[in-house]
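A.B. asks: Got a structure for you, questions after.
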Amino acid sequence: MKAAIVKSFDQPLVIEDIPKPTPGPGEIVVKIETSGLCHTDIHAAHGDWPIKPKLPLIPGHEGVGIVEEI
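Residue numbers (the numbering used here): 39 to 108.
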């Protein structure tokens, strides 16, 4: 599967192939069809949010998709 990844706060996103995750207990895998991009994603990707995220980071928390695996 492909993912847009923040590897460094001072560089653009990179698109890479990553392994498809396997769900653990109480988790599901969702094939994202579309996703919003909001100001928190942009601030997190730039590293100027009060709490810096751990890198690498795959931004996005407003996804819509199809449950593929339970």
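Beta carbons are placed, not taken as given, at the ideal position from N, Cα and C, and that holds for glycine.
All values derive from a computational prediction rather than experimental measurement.
Is there contact here, the segment 91–107 with the segment 64–76, by at least three beta-carbon pairs under 8 Å?
C.D. replies: yes
A.B. asks: Hey, how far is the Cα of T78 from the Cα of I53?
C.D. replies: Counting from 1 along the sequence shown, the entry for residue 78 is found at position 40. Counting from 1 along the sequence shown, the entry for residue 53 is found at position 15. Rounded to whole angstroms, T78 and I53 show a C-alpha spacing of 20 Å.
A.B. asks: Which residues bound the alpha helix (DSSP H) around D79?
C.D. replies: Counting from one through the sequence shown, the residue named residue 79 turns up at place 41. Note, D79: alpha helix (DSSP H), H77 to H84.
A.B. asks: Could you compute how far the alpha carbon of P50 sits from the alpha carbon of V67?
C.D. replies: Here residue 50 refers to the residue found at position 12 of the sequence shown. Here residue 67 refers to the residue found at position 29 of the sequence shown. Spanning the two alpha carbons is a distance of roughly 27 Å.
A.B. asks: Cα-Cα, which of P59, F47 and S46 is closest to M39?
C.D. replies: To locate residue 39, count along the sequence shown from 1; it is residue 1. When only C-alpha atoms are compared, the closest one is P59.
A.B. asks: Opposite T72 in the DSSP bridges: which residues?
C.D. replies: Numbered from its first residue, the sequence shown carries residue 72 at position 34. Answer is V102.
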